[in-house]
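For the sequence shown, the residue numbers in my numbering are 69 to 259.
Ideal placement from N, C-alpha and C gives every residue a C-beta, glycine not left out.
The structure under discussion appears below in the form of structure tokens.
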Amino acid sequence: MKIFLRLYDLALSLARHPQAERYLLALSFAESSFFPVPPDVILAPMALANPQRGWRLALGTTIASVLGGIFGYLLGWLTLDAARPWLEYFGYWEAYLRANNWFLDYGFYAVLIAGFSPVPYKIFTIAAGALMMFFPFFIVASFLGRGARFFLVVGLLRWGGENMEERLRQYVNVLGWMCLLVVAFVYIALR
């Protein structure tokens, strides 16, 4: 049952594809507003497959992700008017206004943390738009959070050196099954 090893080898071979960088940028944009797969799953194999391009890939991923975040912000901003009657009808408007005040006070940190953490960043980009977070703060928090995340991924892979690919290959099945167990445990615990 070496399914994760096969997936790892496939990811590395796709990372060497001539169009891989375009796919990475498209995924980075989409993930920040509506798509569920994080760009790290392509960024990491690409940085392993071509370490000399790692920093450029991290920068491109950051920029595309922030642009996707702006799209998510616009989605939230444009859909608020359509959602307001429903919020008022079901009695959620006051709660929305409280959340809006909270987001205005702490939104920068929320977007910064969401940009860096494995929490779905897209939720915060859409919420920032719906709650009309100050746009320049949104941009700065997004660049800092997303940039720190993607540059950290590339930095760790470069720190691991040339044999990082082989070392990861050696433990990829164990890591894959452990991640699945953690996800299953969290899912069961939350239900």
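In whole angstroms, what is the alpha-carbon distance linking residue i and residue j?
i: L199; j: R237; result: 44 Å
i: A79; j: F97; result: 19 Å
i: I131; j: G159; result: 39 Å
i: Y189; j: A178; result: 10 Å
i: F103; j: I191; result: 11 Å
i: G228; j: W154; result: 52 Å
i: E162; j: L135; result: 31 Å
i: V109; j: L249; result: 19 Å
Using C-beta distances below 7 Å, list every residue in its chain close to residue i, excluding the 5 sequence neighbours before and after it, in chain order.
i: Y141; result: T193, A196, G197 and F206
i: G215; result: T130
i: F218; result: L111, A126, T129 and T130
i: E203; result: It is worth fixing the name first, because residue 203 is Phe in this sequence and not Glu. There are no such residues.
Ordered along the chain, which non-local residues of its own chain (more than five positions away) have a Cβ less than 6 Å from that of residue i?
i: L168; result: Looking at the sequence itself, residue 168 is Asn, so the reference to Leu does not match. The residues are L199.
i: F139; result: S101
i: S133; result: S96, S100 and R214
i: Y164; result: L155
Residue i lies in the alpha helix (DSSP H); which residues open and close that run?
i: R90; result: A88 to E99
i: R74; result: I71 to A83
According to DSSP, is residue i helix, strand or coil?
i: G229; result: coil
Checking contacts by CB at 8 Å: is residue i closer than that to chain B?
i: L236; result: You won't find chain B in this structure, because it holds only one protein chain.
With a threshold of 8 Å on Cβ separation, who are the neighbours of residue i within its own chain once the five nearest residues in sequence on each side are excluded?
i: L225; result: A112, A115, L116, P119, G122 and M232
To test your reading of the DSSP string, which unbroken alpha helix (DSSP H) runs of 4 or more residues are found completely within the stretch 102-139? 108-117
Please go through the stretch 150-222 and give each complete alpha helix (DSSP H) segment of 4 or more residues, from N-terminal end onward. 161-184 and 189-198
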